[in-house]
Amino acid sequence: MSLSTVTMIYAGMFYVAALVMVIGLVYKIVDYSRTPAPLVIPTTPAPTTRSGVIYRMAKEVVVFESLFKANKWIWVFGWLFHFGLLLVLLRHLRYFTEPVWFWVDIFQPFGKYASFLMVIGLAGLWARRFLVDRVRYISTPSDHLMLLLLIAIGVSGMLMTFVVHTDIVALKVFFMGLMYFDVQPVPADPILLIHLGLVAFLMLIFPISKLLHAPGLFFSPTRNQVDNPREHRHVAAWAARLDQKN
Amino acid sequence: MAVAKFDIPEMKDDIEIPKLREGAMSHIKSFPAPEKVQDFMGYPHELGEDWKERAIDKMGELLGKYRSLKVFLDACVHCGACTDKCHYYLGTSDPKNMPVARQDLMRQVYRRYFTTAGKLFPKLVGAKDLTQDILGDWYNYYHQCSECRRCSVYCPYGIDTAEITMAGREILNHVGMGQKYSNEILGKVQKIGNNLGLPGPALIDTLEGLEEDIEADTGVAVKIPLDVKGAEVLFITPSADYFAEPHVESLMGYAKVFHAAGISWTMSSHASEAGNFGLFNGNYETMRAVAMRIRDAALELGCKRIVVGECGHAWRVAYSFWNTLTGIGYGADDPFSVELQKQLDHNYPQPQHICELTNDLIKSGKIKVDPSLNDDLVVTYHDSCNVARASRMGTEPGGQFIIPRELIKSVVNNYHDMADGTIGEATFCCGGGGGVLTDDLLEVRVKGALPRATALNNVVKEHKVNFMAMICAICKAQFTKVLPMYGFDMSMVGGVHQLVSKAIKLEKAE
């Protein structure tokens with residue numbers, strides 16, 4: 076069986092995008108973890124134990140605690156988007172697993188409608204970039220385009236879920252084929268091809284864009300450090316060398 | 077050089093978020109450090125031919141040394157959560173005083189020289205070549221930041237603009253654009269021992285005068301010892317405490333506390349300064365050199381405890397950094413630290429804040445106080461930024477809010493907090509911290525004090541508050557100068573130990 080040009084392009088695109096995303100993120104994470112944090116700078120009040128820090132970070136990751144303190148509108152839209160995205164991503168696992176894990180089936184209906192939360196959240200965040208003078212001032216072209224990209228991904232996906240269905244059986248064969256290095260034809264449905272193309276593009280720019288906020292949060296010294304400087308001496312390697320001169 | 081006239085902002089009923097006015101503060105320029113000041117610090121005093129290369133090299137070096145800088149420059153998504161959190165933005169409406177915009181002054185250059193996206197598509201991601209104009213913006217707006225960290229409380233990724241400001245000032249110093257105020261002080265503290273450049277003999281004179289004042293006032297011979305070997309406590313306080321008003325009232329308060337508790341103590345002429353402006357400039361080596369004076373003094377005088385007076389950023393450096401920089405603290409097994417740990421009394425936290433010490437003494441009954449002696453006052457408390465958001469007191473998180481309030485309430489009968497959202501971790505900076513407390517930045521200071529002045533005005537109207545207590549020398553100096561411009565009386569400003577000083581009973585408790 077010979078494969079169409081479209082299939083070859085999409086297969087190649089996803090391999091490259093996945094590779095760039097994984098290698099880029101691994102590089103960034105290794106770089107962050109190797110860069111020393113020479114001083115204890117948690118924003119206080121801060122936990123005095125490691126487990127306290129895990130709890131603080133969990134609150135930041137799950138409920139966006141600091142953002143909640145800052146601004147309820149950004150919090151509502153930001154959280155709706157991220158929570159919606161999470162459910163949508165979990166639902167999409169069905170295209171990558173055979174048999175489909177039972178809990179992915181449970182998420183299926185929620186994941187479908189979560190796409191509305193996701194797009195509403197994104198639309199709200201985008202509206203702020205026009206309506207609030209302070210946010211308008213700080214917005215760069217890439218800030219707008221990132222929201223446009225995510226909304227286009229969400230809307231094209233919703234079109235296929237709710238309006239013009241695509242051949243998801245064939246789509247699953249395509250992705251399972253990619254995973255086992257046995258490339259199968261991609262369904263030549265224009266909306267699907269747009270959706271997949273945008274997703275691949277998002278994966279490609281992940282490690283060189285502001286999407287780095289995702290790994291960045293875990294390395295943020297103001298959030299991940301323990302407040303115990305009187306009890307424990309904290310010295311970076313380059314700073315410890317100064318002690319030897321005394 | 078005369079400073080241009082400007083309007084004092086009008087206090088409204090509430091703290092309002094202004095519409096932005098581009099360029100509203102672009103005329104501000106803190107006085108540059110002259111040649112001999114820069115020389116002493118090892119910095120050039122003018123832009124050389126290779127300034128751009130030096131600036132980018134320095135940025136690269138800092139990115140390799142500080143994870144905070146690297147992560148913070150990458151992680152921002154321009155969500156806008158911080159845009160209305162800075163007192164300088166609230167007071168000036170200049171958009172470059174929004175924390176994210178202040179960061180972006182550096183982020184645009186970082187993206188251009190250090191990121192793939194910025195090298196390939198600069199316009200798209202807002203990346204820019206470093207120019208003298210941008211350097212000018214850095215000098216201007218990195219001296220309109222008091223490094224108070226209020227923005228870092230609200231950022232979903234914990235981005236702390238103070239870290240960016242510090243890096244910005246460090247780079248500026250390395251290309252010959254130092255600030256006169258901070259760098260002059262860093263020279264004085266290293267050459268003479270304190271930020272005011274007060275030499276040993278003058279200090280002895282001043283302290284003797286204060287002893288006479290206390291005795292004339294109370295009839296008790298309370299001592300303020302200097303350079304006494306073998307004293308139990310080495311006391312480190314900001315040099316403004318020696319003679320500035322109202323600071324000196326707190327110094328007399330500390331002396332009375334040590335006297336009443338029967339604790340032998342001393343100050344040091346070599347380390348006659350708690351303040352450490354090395355923090356403001358973001359230079360680890362300078363901050364370490366300044367902090368090392370305290371370690372030297374402790375070893376020389378053989379003290380078992382180190383206690384720090386009322387100074388906000390000094391307490392940040394002492395609490396958070398002294399152990400790292402000098403080994404004052406516990407938990408290390410390197411020879412450098414072990415030497416000092418042998419000498420320190422492990423029954424006490426090292427270093428200890430004077431509020432921790434005094435509060436413990438009052439609670440345990442070791443000193444007696446009569447709060448009715450402060451009945452003429454209705455008191456509120458201003459949380460200083462570095463104490464609130466960059467340090468702790470006591471053993472529990474948030475002790476830095478509880479302990480000073482407990483202490484105040486034990487020595488006064490009338491106390492009211494200012495509104496939520498303006499105290500605790502959300503406290504507003506006085507407007508003069510972080511190397512801004514200089515007359516060439518008076519406009520920045522006055523406008524930056526607007527949120528605090530508004531919050532204060534509300535408790536004055538509602539509860540007839542007539543005294544705002546604080547534990548920071550910079551806050552005291554800033555407020556006594558700036559609050560009168562908002563119509564408050566200068567005498568409303570004072571230290572927590574000024575209140576202790578009035579209420580304490582000097583006859584020794586049983």
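Just so you know, the protein sequences line up as chains A and B, in that order. The first sequence begins at 76 in the working numbering and counts up by one. The second sequence begins at 77 in the working numbering and counts up by one. Backbone N, C-alpha and C define an ideal beta-carbon position, used for all residues, glycine too.
Excluding residues up to 5 positions away in sequence, F182, F185, G186 and A189 lie with their Cβ nearer than 7 Å to the Cβ of L162 (chain A) in the same chain. Taking N303 (chain A) as reference, the option from B:G405, B:T241 and B:M242 with the minimal CA-CA separation is B:G405.
The beta-carbon of T119 (chain A) is placed less than 8 Å from the nearest beta-carbon of chain B. In this structure, the straight-line span from the alpha carbon of P111 (chain A) to that of A312 (chain A) is close to 8 Å. In the same chain as T402 (chain B), and ignoring 5 residues on each side of it, the C-beta atoms closer than 6 Å to its own belong to A367, M368 and R371, in chain order.
Taking G254 (chain B) as the centre and dropping the five residues before and after it, the same chain places the C-beta of P108, A109, V113, Q114, M117, Y119, H121 and L248 closer than 8 Å to its C-beta, in chain order. Going by beta carbons, G507 (chain B) and C221 (chain B) fall outside the 8 Å limit. Restricting attention to A:Y255, A:P282, A:T118 and A:S284, the CA atom closest to the CA of S141 (chain A) is found in A:T118. The DSSP-derived three-state label of M546 (chain B) is strand.
Contact with chain B is absent for S126 (chain A), since none of that chain's Cβ atoms lies less than 8 Å from the residue's Cβ. Among the residues facing chain A, S222 (chain B) is not included, as its CB has no counterpart in that chain under 8 Å away. Contiguous alpha helix (DSSP H) elements confined to the region 317-367 of chain B occur at 323-337 and 354-357, taking only those with 4 or more residues. Contacts with chain A at 8 Å (Cβ-Cβ) include G140 (chain B). Not one beta carbon of chain B lies nearer than 8 Å to the beta carbon of K134 (chain A). With at least 16 other beta carbons inside 10 angstroms of its own, I443 (chain B) counts as buried. Residues of the same chain with a CB within less than 7 Å of the CB of S467 (chain B), apart from the 5 flanking positions on each side, are W391, R392, Y395, S396 and Q476 in chain order. Every alpha helix (DSSP H) of 4 residues or more that sits fully in the region 113-186 of chain A is shown, in chain order, as 125-138, 140-145 and 147-167.
For M566 (chain B), there are no neighbours in chain A by C-beta distance under 8 Å, as the nearest C-beta there is about 31 Å away. In this structure, DSSP gives K161 (chain B) a state outside helix and strand, which the three-state scheme calls coil.
Here DSSP, grouped into helix, strand and coil, assigns Q259 (chain A) to coil. Assignment of V558 (chain B) by DSSP, reduced to helix, strand and coil, places it in the helix class.
Within the DSSP secondary-structure output, G524 (chain B) pairs in no beta bridge. For the 8 Å CB-CB criterion, P122 (chain A) and Y130 (chain A) form a contact. Here the C-alpha atom of I479 (chain B) lies approximately 47 Å from the C-alpha atom of M221 (chain A). At a cut-off of 8 Å, the C-beta of Q419 (chain B) has no neighbouring C-beta in chain A.
Contact of F156 (chain A) with chain B is not assigned, every C-beta pair being separated by 8 Å or more. Scanning the region 123-147 of chain B for uninterrupted alpha helix (DSSP H) segments of 4 residues or longer gives 127-141, listed from N- to C-terminal end. Within the model, the alpha-carbon separation for M254 (chain A) versus P232 (chain B) is close to 35 Å.
Looking only at B:R528, B:S102 and B:C152, the smallest Cα-Cα distance to L286 (chain A) is reached by B:C152. Put simply, of B:G358, B:T313 and B:H492 the residue whose alpha carbon is nearest the alpha carbon of K141 (chain B) is B:G358. Taking K247 (chain A) as the centre and dropping the five residues before and after it, the same chain places the C-beta of Y170 closer than 6 Å to its C-beta, in chain order.
Contact check for R226 (chain B) against C505 (chain B) passes: the beta carbons are separated by less than 8 Å. The residue among B:L518, B:G497 and B:T434 with its C-alpha nearest the C-alpha of I484 (chain B) is B:T434. Among the residues of chain B, none has a CB under 7 Å from the CB of L246 (chain A); the nearest is roughly 31 Å distant.
Distance check between D565 (chain B) and each of B:L582, B:M544, B:V576 and B:I580 places B:M544 closest, using alpha-carbon atoms only. By the rule that beta-carbons nearer than 8 Å mark a contact, Q426 (chain B) touches chain A.
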